[in-house]
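Q:
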Amino acid sequence: MKIYNTLTKQKDDFKPINPPLVTFYACGPTVYDFFHIGNGRTFIMTDVVRRYLIYKGFKVKFAMNLTDVDDKIIKKANSEGKSASDVSKKYSDEFFKDLEALKIRKADFYPRATEHIIEITNMISKLESNGIAYNVNGDVFFEVNKFDNYGKLSGKNLDELEIGARVEINDSKKNSLDFALWKKAKEGEPYWESPWGKGRPGWHIECSAMSTKHLGETIDIHAGGNDLIFPHHENEIAQSECSSGKEFVKYWIHFGFLNIKEEKMSKSLGNFYTARDILKKYSAEAIRMLFCQTHYRGPMNFSFELLDASEKGLAKLQNIVDMIISNKDSADEKINSEFDFAKYYRNFEEAMDDDFNTPQAVAVIFDFVKDYNKFIVDNNNVSKAFWQGGYDFLYRTALEVLGIIDLGVNEISDNTKLTNELINLLLEIRAKLKAEKKYLLSDEIRNRLGEIGVSVKDTKDGSTFRIN
RNA sequence: GGCGCUGUACCCAAGCGGCUUAAGGGGAAGGUCUGCAAAACCUUUAUUCAUCGGUUCGAAUCCGAUCGGCGCCUCCA
Numbered sequence: 013m014k015i016y017n018t019l020t021k022q023k024d025d026f027k028p029i030n031p032p033l034v035t036f037y038a039c040g041p042t043v044y045d046f047f048h049i050g051n052g053r054t055f056i057m058t059d060v061v062r063r064y065l066i067y068k069g070f071k072v073k074f075a076m077n078l079t080d081v082d083d084k085i086i087k088k089a090n091s092e093g094k095s096a097s098d099v100s101k102k103y104s105d106e107f108f109k110d111l112e113a114l115k116i117r118k119a120d121f122y123p124r125a126t127e128h129i130i131e132i133t134n135m136i137s138k139l140e141s142n143g144i145a146y147n148v149n150g151d152v153f154f155e156v157n158k159f160d161n162y163g164k165l166s167g168k169n170l171d172e173l174e175i176g177a178r179v180e181i182n183d184s185k186k187n188s189l190d191f192a193l194w195k196k197a198k199e200g201e202p203y204w205e206s207p208w209g210k211g212r213p214g215w216h217i218e219c220s221a222m223s224t225k226h227l228g229e230t231i232d233i234h235a236g237g238n239d240l241i242f243p244h245h246e247n248e249i250a251q252s253e254c255s256s257g258k259e260f261v262k263y264w265i266h267f268g269f270l271n272i273k274e275e276k277m278s279k280s281l282g283n284f285y286t287a288r289d290i291l292k293k294y295s296a297e298a299i300r301m302l303f304c305q306t307h308y309r310g311p312m313n314f315s316f317e318l319l320d321a322s323e324k325g326l327a328k329l330q331n332i333v334d335m336i337i338s339n340k341d342s343a344d345e346k347i348n349s350e351f352d353f354a355k356y357y358r359n360f361e362e363a364m365d366d367d368f369n370t371p372q373a374v375a376v377i378f379d380f381v382k383d384y385n386k387f388i389v390d391n392n393n394v395s396k397a398f399w400q401g402g403y404d405f406l407y408r409t410a411l412e413v414l415g416i417i418d419l420g421v422n423e424i425s426d427n428t429k430l431t432n433e434l435i436n437l438l439l440e441i442r443a444k445l446k447a448e449k450k451y452l453l454s455d456e457i458r459n460r461l462g463e464i465g466v467s468v469k470d471t472k473d474g475s476t477f478r479i480n
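Its first residue numbered 13, the first sequence is counted upward by one per residue in this note's numbering.
1. Going straight from the alpha carbon of N90 to that of S100, what length do you get?
2. Does the separation of the CB atoms of L139 and F154 fall below 8 angstroms?
3. Express the C-alpha separation of F351 and H48 in angstroms, rounding to a whole number.
4. Determine the extent of the beta strand (DSSP E) in which R478 is found, giving its start and end residues.
5. Skipping 5 residues on each side, what residues in its chain have a beta carbon closer than 6 angstroms to that of L65?
6. How about F267 and R117: are their beta carbons less than 8 angstroms apart?
7. What number of angstroms, rounded off, separates the C-alpha of E412 from the C-alpha of P32?
8. How far does the alpha helix (DSSP H) with N161 in it extend, from its first residue to its last?
9. Candidates L170, D151, I144 and N169: which alpha carbon is nearest K158's?
10. Taking the alpha-carbon positions, what's the P283 to E112 distance?
11. Closer than 8 angstroms by C-beta to R62: which residues in its own chain qualify, once you throw out the five before and the five after it? Chain order, please.
12. Using alpha carbons as the reference points, say which of A192, A119 and S220 lies closest to G214.
13. Going straight from the alpha carbon of S220 to that of I249, what length do you get?
14. Tell me, to the nearest whole angstrom, how far the beta carbon of S475 is from that of A443; I am working on the premise that it is less than 8 angstroms.
15. Can you tell me which of the three DSSP states K118 falls into?
16. Quick one: is Q22 buried, meaning 16 or more other Cβ sit within 10 Å of its Cβ, or exposed?
17. Report the three-state DSSP secondary structure of T230 (helix, strand or coil).
18. Helix, strand or coil: which one does DSSP assign to P243?
19. So, L329 versus V389, is the Cβ gap smaller than 8 angstroms?
20. So, does the segment 353–365 touch the segment 299–311, judging by three or more C-beta pairs under 8 angstroms?
21. Output the boundary residues of the alpha helix (DSSP H) element that contains P371.
22. Is the segment 317–325 touching the segment 297–304 in the sense that three or more CB pairs, one from each, lie closer than 8 angstroms?
23. Kindly provide the ranges of any alpha helix (DSSP H) runs that are 4 or more residues long and lie completely inside the segment 48–118, ordered along the chain.
24. Is it the case that the Cβ atoms of I29 and T230 are separated by a distance below 8 angstroms?
25. Please report the Cβ distance between E218 and N77, rounded to the nearest whole angstrom; I am assuming they are in contact, meaning their Cβ atoms lie under 8 angstroms.
26. Work out the CA separation of F398 and F387 for me, nearest whole Å.
27. Report yes if the CB atom of K84 is closer than 8 angstroms to the CB atom of Y44, and no otherwise.
28. In the structure shown, what three-state DSSP assignment does N422 receive?
29. Once the 5 residues before and after G228 are set aside, which same chain residues still bring their CB inside 7 angstroms of it?
30. List the residues that DSSP assigns as beta-bridge partners of I15.
31. Around the C-beta of N17, are 16 or more other C-beta atoms found within 10 angstroms, so that it is buried, or is it exposed?
32. Just curious, the beta strand (DSSP E) that D470 is in, first and last residue?
33. Check each candidate in L281, T224 and V466 and name the one with the smallest Cα separation from H272.
34. Following the continuous beta strand (DSSP E) through Y44, name the residue where it begins and the one where it ends.
35. Mark S141 as exposed unless 16 or more other C-beta atoms lie within 10 angstroms of its C-beta, in which case mark it buried.
36. Can you list, in chain order, the residues of its chain with a C-beta nearer than 7 angstroms to that of A96? Leave out the 5 residues immediately preceding and following it.
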């Protein structure tokens with residue numbers, strides 16, 4: 013299995029430090045607002061990466077941080093006359109709601125900056141005693157010149173950065189690229205006590221401290237959006253490696269941006285849609301499908317036309333899923349199927365093993381569906397094993413890894429079990445009506461079911477239904 | 001100025017040296033099946049991969065130049 017590693021700028025063989033364990037950290041949101049669908053792409057693709065690692069048999073320990081104290085939160089709190097913690101509480105709650113709606117699996121940990129002040133100040137103290145951090149009247153900075161490898165991730169070098177500098181001038185820093193580890197509290201800002209006085213953590217240090225605490229000094233994978241490569245991830249490396257003396261991360265994964273009309277979707281440009289707005293009109297599966305149809309590293313365009321197209325493509329998958337679910341418990345065992353399921357697993361894995369090539373993987377699933385349908389058309393009577401095999405394949409790939417179909421919808425709780433039985437009862441009666449050519453009544457049943465959200469389709473093997 | 005990404009059909013998008021005279025999805029056109037809906041199935045829709053050169057037995061894939069588009073270097077997924 014190969015993963016493109018930003019650090020080496022090539023696809024590296026994936027060899028975790030302590031297999032089957034994989035330690036995986038992803039940069040999460042700053043909780044000051046709803047997240048937009050561009051952020052959603054990163055969260056969803058991170059989820060797909062994690063799910064595939066699980067599919068491959070790894071035991072993944074996954075943490076995603078929440079930045080719950082920073083300038084944007086404080087600003088929002090001030091403008092709304094609330095406390096910073098009220099703001100971060102509100103938007104972290106909303107964050108979790110959106111994740112769930114997008115069918116993203118919960119992380120093992122969601123560490124928050126404000127809950128790790130001790131780990132953070134300890135790390136800063138260590139950097140200070142190593143002579144790498146310096147205190148200027150309560151602000152503590154990281155001295156980039158003290159870390160020889162500074163720039164190894166982003167491919168930048170210090171001299172050029174200083175020349176082209178668009179960085180803000182700050183006379184108190186030794187080098188304009190030095191970054192804050194600890195920020196002295198200004199009047200009215202939230203603060204914590206520290207060896208340097210009242211203040212709060214700088215942005216980058218929380219990830220170093222929390223990653224180390226929950227996953228160890230050297231972790232396997234660290235992921236985030238492209239725009240975090242510099243300075244955020246570069247700074248994380250500097251802090252962590254100067255503090256532990258060990259390599260911080262083996263594999264760095266970065267996601268491409270979501271563009272809208274050829275421009276990066278971003279809060280500051282105002283050209284964004286929140287994830288929850290999109291979810292009002294489109295299914296999580298359609299959104300995930302859209303993202304899976306482009307490779308995670310490249311940029312991708314967003315538009316409602318593309319989402320419509322994904323939703324339509326999805327219907328093709330969902331139709332076969334409905335047919336499988338309707339048949340897998342009732343088909344007879346007489347005819348042996350010779351459908352080569354292994355081929356599709358192989359192709360799926362081959363695609364995903366190559367740096368998570370989800371567009372290819374989706375293509376494999378569509379190939380499968382086409383061939384599977386054809387098999388049904390070509391063979392009058394297929395076996396139970398055939399239905400079960402199809403169920404298993406789609407369950408393991410399209411549902412468990414990519415999350416682009418909804419297999420369980422017709423068979424979840426006891427409550428839906430009863431509903432299903434009632435619908436099946438209606439459909440049995442309807443089948444009798446059809447046999448007697450009483451189409452007026454049978455059509456009425458279908459229409460009325462449609463009105464209450466149950467779509468019915470007739471096939472040569474009987475009717476299938478789906479609860480919308 | 002530095003670093004990086006990108007240009008494949010009507011749209012989206014894989015492929016990154018021979019398996020490919022280019023996957024998959026959407027769209028469009030025709031057909032089969034069918035009480036009707038729907039689905040499914042079968043055809044068709046890029047001799048061509050921004051342009052021009054070069055390397056090679058062989059290039060969409062490697063190299064060079066040219067012309068576009070985008071991002072990072074400041075908060076940003």
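Note that CB positions come from ideal geometry on N, CA and C, so glycine has one too.
A: Based on what the coordinates show:
1. 13 angstroms
2. yes
3. Distance between the alpha carbons of H48 and F351: 43 angstroms.
4. G474 to I479
5. Excluding sequence neighbours, L65 sits near V34 and V72.
6. no
7. 19 angstroms
8. Premise fails: N161 is in no alpha helix (DSSP H) and is neither H nor E.
9. I144
10. The residue asked about is misnamed: residue 283 is Asn in this sequence, not Pro. Near 24 angstroms, if we compare the C-alpha coordinates of E112 and N283.
11. Excluding residues within five positions, the ones whose Cβ falls inside 8 angstroms are F36, V72, F74 and R117.
12. A192
13. 8 angstroms
14. 7 angstroms
15. coil
16. exposed
17. coil
18. helix
19. Contact: no.
20. no
21. T370 to D390
22. yes
23. For the segment 48–118, the full-length alpha helix (DSSP H) segments reaching 4 residues or more read 49–67, 83–92 and 96–113 along the chain.
24. Going by C-beta atoms, I29 is nearer than 8 angstroms to T230.
25. About 6 angstroms; that satisfies the 8 angstroms criterion.
26. 10 angstroms
27. yes
28. Annotation note: pLDDT 48 at N422 (below 50); position unreliable, coordinate value reported separately. N422 falls in the helix class under three-state DSSP.
29. T35
30. D24
31. buried
32. V466 to T471
33. Here residue 272 is Ile; the residue named in the question, His, does not match the sequence. Per the Cα distances, L281.
34. Looking at the DSSP string, Y44 is not in any beta strand (DSSP E), and its letter there is neither H nor E.
35. Residue environment: S141 is assigned as exposed (fewer than 16 neighbouring CB atoms within 10 Å of its CB, all protein chains considered).
36. V81, I85, I86, A89 and P202
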